[in-house]
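First up is the structure itself, then whatever we jot down about it.
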Amino acid sequence: MTGSARRIEGAGLHPGADEVRFQFDGRAYRGQAGDSLASALIANNVRVVARSFKYHRPRGITGIGPEEATGLLAIERATGDEPNTRATTVELYEGLSARGQNAWPSVNFDLSAWLNLASPLFPVGFYYKTFMAPAGAWMFYEHLIRRVAGLGTVPEAVDTEHYTSTHAHTDVLIAGGGAAGLSAALAAGRSGARVILVDENPWLGLGLLGEDARIDGERASDWAANAIAALSVMDNVRILTRTTVAGRYEHGFVILCEKVREAPAGRDDPSPRWRLWKVRAGRVVLATGAIERPLVFANNDRPGVMTASAAAGYLLRHGVLPGSRIVVATENDSGHAAGAHLAQAGAQVTVLDRRDTGTAIAAEAGATVEWSSGVLDIKGARGVRAARAATPKGERWLDCDLVAMAGGWSPALHLYAHTGGKPVWDEARGMFVPGVSEDGVICVGASNGSFDLADVLRQGHEAGLAGGSGATSPAPNVEGARSEKASAAFANLSDAGGKAFVDLQGDVTVADLSLAVREGYRSIEHVKRYTTLGMGTDQGKLGNVNGVRAIAEARGEDVSAIGTTRFRPPYVPLPMGAVAAHQSPDLRHPMRRTAAHDLHEEAGCVWLHAGAWLRPQFYRQGTETDLEAVNREVMAVRENVSIVDVSTLGKIEMAGPDCIEFLNRIYTNGWSTLKIGMGRYGIMLREDGMVFDDGVTMRLAEDHYVMSTTSGGAGAVYEWMTRLLETRWSDLRVVLTPVTEQWFAAALAGPKARDVLARVCDGLDVSNEGLPFMAGRVGTIAGIPARIFRISFSGELSYEINVPADRGAELWQALLEAGAPENMEPYGLESMGVLRLEKGHFVIGREAEGRTNPDDIGLGRMVSSKKWFIGKEALGLPEMTVPNRRQLVGVVPVDPSQRIPYSAHLVLPDRPDEIGGAQGWIASLAYSPTLGHDIALALLEGGHDRIGEALIASAPIAGKKTPVTVVAPHFYDHEGSRQIG
Amino acid sequence: MLLIPCPVCGERPEDEFGFGGDATVQPPVTDSASGQAEVDIDGFADYLYLRENPKGRHTELWVHRYGCRRWLVVERDTVTHELYSSRLAAGEGGE
Amino acid sequence: MVDARYSIAALVRGAITGHRSWPEAWRKPAPKPRYDVVIIGGGGHGLATAYYLAKLHGVTNVAVLEKGWIGGGNTGRNTTIVRSNYFLRDNAFFYEHALKLWEGLSQDLNFNVMFSPRGNIILAHDFGQAEGMTMRYNALRLNGIDGVRLSREEVQRRAPALDFSPNARFPIFGAVDQPRSGVARHDAVAWGYARAADRLGVDIIENCEVTGFDIKDGAVTGVQTSRGDIATGKVGIAVAGHSSEVARMAGLRLPIETHLLQAMVSEPVKPFLDTVVISPSLHVYVSQTDKGEVLMGGALDGYNSYSQRGTWPTVEDVVSSAVGMIPRLKSLRLMRTWGGVMDMSMDGSPIIAKTPVERLYLNGGWCYGGFKATPGSGWVFAHTIANDAPHSLNEAFSLERFRSGRLLSERGAGNYPHYH
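Residue numbers (the numbering used here), protein chains in the order written: chain Y, 1 to 981; chain G, 982 to 1076; chain L, 1077 to 1496.
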């Protein structure tokens, strides 16, 4: 026998199970297989397991499941202690080591316990009333307060446990495997529906433990065992134990969290610890049961005060009798049922019932029952020693080591409410019950406020049947169920003296709630936020209704006038590692690589993150600095020949007889004269008139075109065009296909580009006449099927060669070999940026930054006045033509040897530091090796009329200012003669 | 997570879709090749920027971005997320 | 009236008397038949407006009408960030005015709103991002607002819990920070303004829903409410999230869509993150509350919604991004998620302006900016209502800009509110 102090031989679900050794706060203990950490601690008579949030009062175990508000411990894991873990939901394993938290040096002796004595100074909301002077002092106080607050500590090392997630579809999802859930699962399973039955415990049917009614002629526990056995052989039924239904969302979407393994994995064990299930259910049956409420009396937080169902549950599940002299305080029959079990196991039980009559089962089991009685106060800071009983005969202290509270039941409506369902107060039953349910969701059993076993089973059965279309079976038949006597009318909570807690975790007392109401925080939400009621890790599962009652009392109104706070997902705190399973940033944001990636890597490129793409920034040689490498690459293009990987540019195939009409509508310029084999550059606008994207569209055949877009705009442009075609112009015969990923593209650029291309052009006429500027051809390059476009971004003679992506590396290699006589080497994105800047080409996202119309960037000439196009109307808005718009200009340093600072703004030379005096900013900046000085493109207020003006480029953070001159936004070969020769 | 009925692909989860906003706003002048007609510039600004933004039934565009890539017109309640109808924007199909 | 001034001395007195003598923070008056000004919406903005009307403009016959409980909308649902790091001049000056009010707000209101200037570190993951952010923060400096750039090492000192691995998908290259920015206690802002406004004579009327406007000859003369008709000289609407619905009752259509923004917290743990950290690439922001919870937010759910509750993909996105940025969050648990409905204006900037209906004023379109703006918003809205003309700080936040095209688009995202 293990944890022998309180273990009852032969009791529990697993009598005589194997011994399991564990530690708490460094001391060794023994439990047994099947124990929870909580049951094992109770079995070993460990009472103080935690300290409370605000007052650092000693706390024990209060509940038996996810409702636990006090027994929060740190559990040792490989990478550090996992904080705030509910002892009630941890399954004991060999070697488990737990520690108390929020206490120093230990939960048994905590130096912060003075906070409890000083508590009169810290009434609810005290921090709103002080720490205000002097101004700015809050940061000092906050530092101290933060250290006192918080519960456990997050480990410094990163958790190395394995988490996973999966998807499932089902006809019926049943949350809860108690009587109602089993009944629903049987009905649904037998009807042939696909069923997922979920229970948070390691075992199903716990709700029927200790039930002495007979179901279908069998003992309830046998019926449950047979039901479980029947379900487990049904192919259409999946049973998930140790699994919590964490969140319910619209359209039958449900999040489950399955604890696959409690103990650390052994070597080579690949199993995950947690598995997140994303389930789409046709119908959701909520058989989530009810949570027993504590009673409110002075010092009701002392270790050894727990709910009656928990006390009985430890006995029935784990064979642990949590006390030997037990006072049960109750207002209903279920307290007697718990008392009966405890008494039968040998405890000396006194039941104090506030009612004047009720069931006799506790008395029959040997308990002393006193009617019209209750508990007023508790003695024993580190464990209950006595309870102050109020009886018709007077008040007296009853020696005891456990106080079990039966304060009535609260249906677990959390999942019901996740999609907006509103719980309704039922005064007769003293509980919130489900209000209107949406289609496909039904609450059954205790979660529906039903506690009569026959009702519970019938509701489950009917809900289960509704999910399937196959065979039906009769509902289970119940004999000998006890009929529940009504609960007592509620006691007056404000009669409770001393520290009578409503929220055991947040240390919120009845007095706190009435003070809040007195101060005018009357709405339940105000009280919650002012007092932190229900804001702990249990999210008010235990304290919610008592809190609502206390507020109602303080306001002098009915509970129904108060309502509840809103239940929000998740039902229980959800391991963030499970939520993030398979969702790491590199999976959510996959890095895109071009087909020649490995070749760039081999060539020693420096990589650059460019949006979603990884692209060569430049290719360093030897000990070159970044700038030296870029200068070399730029000059190679200007004077010799070089290649660059431009695969990232968006490519969209267009086909159909109305493509020209379509192009005319989406681009600002005219397309009607575009000949086969020729391309044209266009800019497209958003409907609000701002430049959206740009690129060249080539006409490959009569009805066949390929459009290129910016790298970043590929997806958005495609989607925008399909939107126009489908929502507005479905009469246009145009078909679009995005093909960016299907092609690899390299640009061969420089005065000697034609010489290199001629060596691999497989007979294609690449002469200036055969392949003139802006022409496109389909053929082969180096034996690879290719599209060759003579277009230029660098301003030099340039060919963009597109081949199928899987032959991209081959093309890249072939081009490099063909360029060997010229010592050709590749260039990167940075150099491409310098080349385009020298040419004064704008870039979407820098110069055209969403607030820029065509005229602003000097492309007014590309806006046709002869036709309509998207954005045309907006160009007529008054603001589009005001003179102080920010317009594209060039900027050069007055002294060519000076560098222009990065990230600079343009300010007036006579008022450089005037607040709000910036005239614009530098959008792109580079050193031009061609010109021998810095060049920049800037957006300047009224810039088109300010050419020649002297300004200062100011970067205050770097503390740099450089005198600059505004120039026209092109620095090199403005006529464009180099690209057309 | 919403389940959006795509007339091409069937019911699919919302994260396969992109949202396209109010489907009922229409530009004040018919798109046409000439487009030279006098534009009501205020009316156009209202088309660009003003929205009914109802609390309740909303007719809206979605694109099945990670599916068939078609644009849908969906009627949905902006409070309950109840879906009333879904059809292809281009006209064919629907349910 | 008892001296209800809050102070440590008052707390000590309270401790002796069992805290029996604290007066109501704000009264619960029944509506009067007429007010000089009615403010619709008892969130931070509406309450601040009433406070400044009374305090600065001498207009004390004011009612704030709240459909539910004060501060119950986005005031009590946001991620509490306060900053003024805006790029456009009009936004920058306005939000900076708000930030300056924040800095003295607890003293001004005699209510600790716990403004904690712990900074907002925005991560740059590569040189280009750092350059772009620095350009924006240089704009702050040139507009007289604080802003600094942080090296990778400085970020590591300030927020050692972040993932500094060079192999991270989004490695940390550097950051920018606005040192005077920070966080505040959101509920306290509503309560503090309510209490201060109440003491100046403002009636704060909860559970009072406006059901219609009385408009005569193009001018507003009163409101109809669930608690009766109220005559009034002027009406200010401050109901962000529901601006379209309220404005519709006055015959107005607005350049606003309502979208859902979620926020979520972990279980509380001891302090390990002393600042706000934001990754624009991961689209996530994370801070730690004074209670110890890790507070996380991210992008909009992505479609029009008044549901005040969120959808799962966003939760997954926010949590996984937060874990990606701060890997040790993996061993924490997600405790609560919630949603608020945002007034997403068509250019991403607010509207604080006169409307086509005379003496009816609109304060809305806050997108994500509402909480941080609260004091500034109330300040300029009070000015606008009192003078029937905007202050220079909110002149640009007009409705007319959606006719003229003089938009205030911080991101240049076009007329797609869900992209702002």
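Glycine included, C-beta positions come from ideal geometry on N, C-alpha and C.
Using the beta-carbon count (16 or more within 10 Å), is residue i buried or exposed?
{"i": "residue 1262 (chain L)", "result": "buried"}
{"i": "residue 339 (chain Y)", "result": "buried"}
{"i": "residue 474 (chain Y)", "result": "exposed"}
{"i": "residue 601 (chain Y)", "result": "exposed"}
{"i": "residue 476 (chain Y)", "result": "buried"}
{"i": "residue 29 (chain Y)", "result": "buried"}
{"i": "residue 83 (chain Y)", "result": "buried"}
{"i": "residue 1065 (chain G)", "result": "exposed"}
{"i": "residue 257 (chain Y)", "result": "buried"}
{"i": "residue 591 (chain Y)", "result": "exposed"}
{"i": "residue 509 (chain Y)", "result": "buried"}
{"i": "residue 983 (chain Y)", "result": "The structure shown does not extend to residue 983 (chain Y), since chain Y spans only 1 to 981, so no value can be given for it."}
{"i": "residue 229 (chain Y)", "result": "exposed"}
{"i": "residue 1196 (chain L)", "result": "buried"}
Which residues in the same chain as residue i place their Cβ atom closer than 8 Å to its Cβ, once the five residues preceding and following it in sequence are excluded?
{"i": "residue 865 (chain Y)", "result": "none"}
{"i": "residue 1013 (chain Y)", "result": "Nothing about residue 1013 (chain Y) can be reported from this structure: the residues present for chain Y run from 1 to 981 only."}
{"i": "residue 20 (chain Y)", "result": "2, 30, 31, 32, 33, 35, 40, 92, 93, 94, 96"}
{"i": "residue 942 (chain Y)", "result": "883, 884, 885, 887"}
With a threshold of 6 Å on Cβ separation, who are the neighbours of residue i within its own chain once the five nearest residues in sequence on each side are excluded?
{"i": "residue 169 (chain Y)", "result": "280"}
{"i": "residue 1288 (chain L)", "result": "1300, 1325"}
{"i": "residue 562 (chain Y)", "result": "524, 548, 551, 552"}
{"i": "residue 554 (chain Y)", "result": "514, 517"}
Is there a Cβ of chain C sitting closer than 9 Å to that of residue i, yes or no?
{"i": "residue 994 (chain G)", "result": "Given the protein chain composition of this structure (Y, G and L), no chain C is represented."}
Can you list, in chain order, the residues of its chain whose CB lies under 7 Å from that of residue i, leaving out five sequence neighbours each side?
{"i": "residue 1285 (chain L)", "result": "1143, 1301, 1302"}
{"i": "residue 428 (chain Y)", "result": "none"}
{"i": "residue 765 (chain Y)", "result": "771"}
Provide the residue(s) that pair with residue i in DSSP beta bridges, ordered along the chain.
{"i": "residue 635 (chain Y)", "result": "According to DSSP, residue 635 (chain Y) bridges with nothing at all."}
{"i": "residue 712 (chain Y)", "result": "Answer is none; residue 712 (chain Y) lacks a bridge partner."}
{"i": "residue 1258 (chain L)", "result": "L:1158"}
{"i": "residue 141 (chain Y)", "result": "Note: residue 141 (chain Y) sits in no beta bridge, so no partner."}
inquiry  = Would you call the stretch 1368-1384 of chain L in contact with the stretch 1431-1442 of chain L, where contact means no fewer than 3 C-beta pairs closer than 8 Å?
reply    = no
ask   = Got a sec: which bits of the stretch 253-270 of chain Y sit with their beta carbon under 7 Å from any beta carbon on chain L, in order along the chain?
value = 253, 255
ask   = Should the stretch 1139-1146 of chain L be regarded as contacting the stretch 1172-1179 of chain L, the criterion being three or more beta carbon pairs within less than 8 Å?
value = no
ask   = Closer than 8 Å, Cβ to any Cβ of chain G: which residues of the stretch 725-737 of chain Y, in chain order?
value = 725, 726, 727, 728, 729, 730
key: Sufficient close CB pairs (3 or more, under 8 Å) joining the stretch 1328-1337 of chain L to the stretch 1413-1422 of chain L   = yes
message = By the 8 Å beta-carbon criterion, what residues does the stretch 1147-1165 of chain L contribute toward chain G?
response = none
request  = Say whether the stretch 847-862 of chain Y touches the stretch 812-826 of chain Y, bearing in mind that this needs 3 or more beta-carbon pairs closer than 8 Å, one atom from each stretch.
outcome  = no
request  = Count the CB pairs spanning the stretch 651-666 of chain Y and the stretch 761-769 of chain Y that are closer than 8 Å, and state whether there are at least three.
outcome  = no
inquiry  = If contact is defined by three or more beta carbon pairs under 8 Å, each pair taking one atom from either stretch, is the stretch 309-317 of chain Y in contact with the stretch 59-68 of chain Y?
reply    = yes
ask   = Looking at chain L, which residues of the stretch 150-168 of chain Y have a Cβ within less than 7 Å of any of its Cβ atoms?
value = 150, 151, 152, 153, 154, 155, 156, 158, 159
message = Using a Cβ-Cβ cutoff of 9 Å, what residues of the stretch 1058-1070 of chain G are near chain Y? List them in chain order.
response = 1060, 1061, 1062, 1063, 1064, 1069, 1070
request  = Please list the residues of the stretch 1385-1410 of chain L that have a C-beta atom closer than 7 Å to any C-beta atom in chain G, keeping them in chain order.
outcome  = 1387, 1388, 1389
request  = Name, going along the chain, the residues of the stretch 807-829 of chain Y whose beta-carbon falls closer than 7 Å to a beta-carbon of chain G.
outcome  = none
message = Between the stretch 1343-1356 of chain L and the stretch 1233-1252 of chain L, can you find at least three pairs of beta-carbon atoms closer than 8 Å?
response = yes
message = At a CB distance below 8 Å, what residues from the stretch 1183-1214 of chain L approach chain G? Give them in sequence order.
response = none
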